[in-house]
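Beneath this line is the structure, given in structure tokens, with notes to follow.
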Amino acid sequence: MFRLKSFKYAAHGWPRDPRIFIESLPNLMSEPTNLKTVAAANGIATEDHFGAVTPPICLSSTFTWPSFGRSGPHEYTRTSNPTRTLLADTLAKLEGGAGAVVVSSGMAAIDLVLSQLSRDDIVMVPHDCYGGTHRLLLNRRDRGHFRVAFVDQNDHAALISAFQDKPRLVLIETPSNPLMRIVDIRAIVAQARAVGAKVAVDNTFLSPALQRPIALGADFVIHSTTKYLNGHSDMVGGAVIAADATDAEALATWANIVGVTGAPFDSYLALRGIRTLFPRMEWQQRNAQAVAEFLVKHPLVAACHYPGLPTHPGHAVAKAQQSGFGAMLSFELKGGGAEAGRFVEAVRLFSLAESLGGTESLVAHPATMTHASMSEEARKAAGITSGLIRLSIGLEDTADLIADLERALAATDGSACPHANV
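Quick note: the sequence shown, position 389, residue 405 per this note's numbering, numbers continuous.
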């Protein structure tokens, strides 16, 4: 049975069962008082060889055994590594889970959860999920790994019908990417429990600073640590946090077997980012709220999708299950794809790039970028139009961000652009 063990860098006093591949260490802080404190201080001043305040990065790929037949706390970095273990512990604490598994990317994290399914199992997924998730699901399905049911998780009748097929796993993405739809986690969990299904929530868009799905009943929380957790756009990684210790052990064992565990340096960068997660999220969502309020009133904008707007259909649910509305939003231009092409060419402060959650503001055109792998039919069913623009709001000055958007919107009105047909 998976149990969290105390953490020390010194090579002595390590009770370790080499058969267990779980990575975790808890109780680096005897009484974590607040999640902000966990983010800022977990693991600080625990290195007892040199007395380092900041936990040092451990890049070694392999570790010595103290004696014949007796391994130390770590044997091989694919299996466990001190830096990655500290990140796993920090994430488990932040999300309120029994354990966490750190992997090489957000997609690896999703695939790790899916790896627990069998050929005849059904996974219920949102019809408007991230394009990379959609592509992974279709490829796994077509290889006979499991069955997939794409469902509008805000459609009560569709949910009732889908649950009659008794899925084994329900994957939730809330807010959704890129339309920022909100799914009631508690409601889905209640329906899933009735048929014996487990629930996994992709919490990448909000992070544990703004939403904690395990507290709402979820079994798994999925992260692309590349995004808000790292927050600096300089690493790629993922993680799965499990509410149940047995599930955590199973996921960790499989991650070790197939070799998808995260690299130490990426783990270090994610940890460094987590130290400032809460203040970053606070300022970024403040910027996002101001940007959304600007866009929703603009004459060239057909719709603005941001849960912090009182007119957003998921506003009430978001207020109930989140502690903030996040820093992601999307909007639709009245002129469609032609105006979208002109707009993304006209912005200067926003960078045209995929990904999200960094200190810098990014603009993306989902139909040709993040969701280009979806068929046109699937994008249409999800509501992803050629005029849809997605914004990841950074830490820049609020007035500067709005001024950049205002200039770009003005440039879309009747101007020419070589990329206008995207």
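Yeah, the Cβ is synthetic: ideal placement off N, Cα and C, and Gly gets one too. Bear in mind the structure is a predicted one, so any value in this text is a computation, not a measurement.
{"Query": "Counting along the chain, where does the beta strand (DSSP E) carrying residue 239 start and finish?", "Result": "236-239"}
{"Query": "So what's residue 424 in DSSP terms, helix, strand or just coil?", "Result": "helix"}
{"Query": "Thinking residue 380 and residue 369 are a contact (beta carbons under 8 Å), I'd like their distance in whole angstroms, please.", "Result": "7 Å"}
{"Query": "Within the continuous beta strand (DSSP E) that includes residue 188, where are the two ends?", "Result": "185-189"}
{"Query": "Could you check if residue 305 is buried or exposed, using at least 16 other CB atoms within 10 Å of its CB as the buried criterion?", "Result": "buried"}
{"Query": "Measure from the alpha carbon of residue 324 to the alpha carbon of each residue in 345, 317, 358, 313, then state which is nearest.", "Result": "345"}
{"Query": "Work out the CA separation of residue 199 and residue 1 for me, nearest whole Å.", "Result": "In the structure as shown, the chain begins at 17 and stops at 438. Residue 1 is therefore absent and cannot be evaluated."}
{"Query": "Does residue 192 pass the burial test, meaning 16 or more other C-beta atoms within 10 Å, or should it be called exposed?", "Result": "buried"}
{"Query": "Specify the secondary structure class of residue 40 as computed by DSSP and reduced to three states.", "Result": "With a pLDDT of only 45 at residue 40, under the threshold of 50, the placement of this residue in the model should not be trusted, and no figure is reported."}
{"Query": "Would you mind giving the Cβ-Cβ distance between residue 122 and residue 242, rounded to the nearest angstrom? I have them listed as a contact below 8 Å.", "Result": "6 Å"}
{"Query": "Taking three-plus beta-carbon pairs below 8 Å as touching, is the stretch 179-192 in contact with the stretch 306-320?", "Result": "no"}
{"Query": "Rounded to whole angstroms, what's the CA-CA distance from residue 3 to residue 201? Just pull it up for me.", "Result": "Outside the shown range of the chain, which is 17 to 438, sits residue 3, and nothing can be said about it."}
{"Query": "Please name the residue in 422, 119, 75, 52 whose C-alpha comes closest to that of residue 267.", "Result": "119"}
{"Query": "Measuring alpha carbon to alpha carbon, tell me which of 373, 377, 406, 374 ends up nearest residue 386.", "Result": "406"}
{"Query": "Helix, strand or coil, according to DSSP, for residue 280 in the structure here?", "Result": "helix"}
{"Query": "Please state whether the Cβ-Cβ distance between residue 410 and residue 376 is less than 7 Å.", "Result": "yes"}
{"Query": "Which same chain residues, not among the five before or five after residue 75, have their C-beta less than 6 Å away from its C-beta?", "Result": "280"}
{"Query": "Of all the options 257, 151, 224, 404, which has the alpha carbon lying nearest to the alpha carbon of residue 348?", "Result": "404"}
{"Query": "Between which two residues does the alpha helix (DSSP H) carrying residue 172 extend?", "Result": "172-179"}
{"Query": "For residue 331, which of helix, strand or coil comes out of DSSP?", "Result": "helix"}
{"Query": "What is the DSSP secondary structure of residue 208, reduced to helix, strand or coil?", "Result": "helix"}
{"Query": "Distance, Cα to Cα, residue 217 vs residue 238?", "Result": "6 Å"}
{"Query": "Taking only the alpha-carbon atoms, compute the straight-line gap between residue 57 and residue 236 and give it to the nearest angstrom.", "Result": "24 Å"}
{"Query": "For residue 92, which residues from the same chain have a beta carbon less than 6 Å from its beta carbon, with the 5 sequence-adjacent residues on both sides left out?", "Result": "78"}
{"Query": "Could you tell me whether the stretch 243-260 touches the stretch 59-69, where touching means 3 or more Cβ pairs closer than 8 Å?", "Result": "no"}
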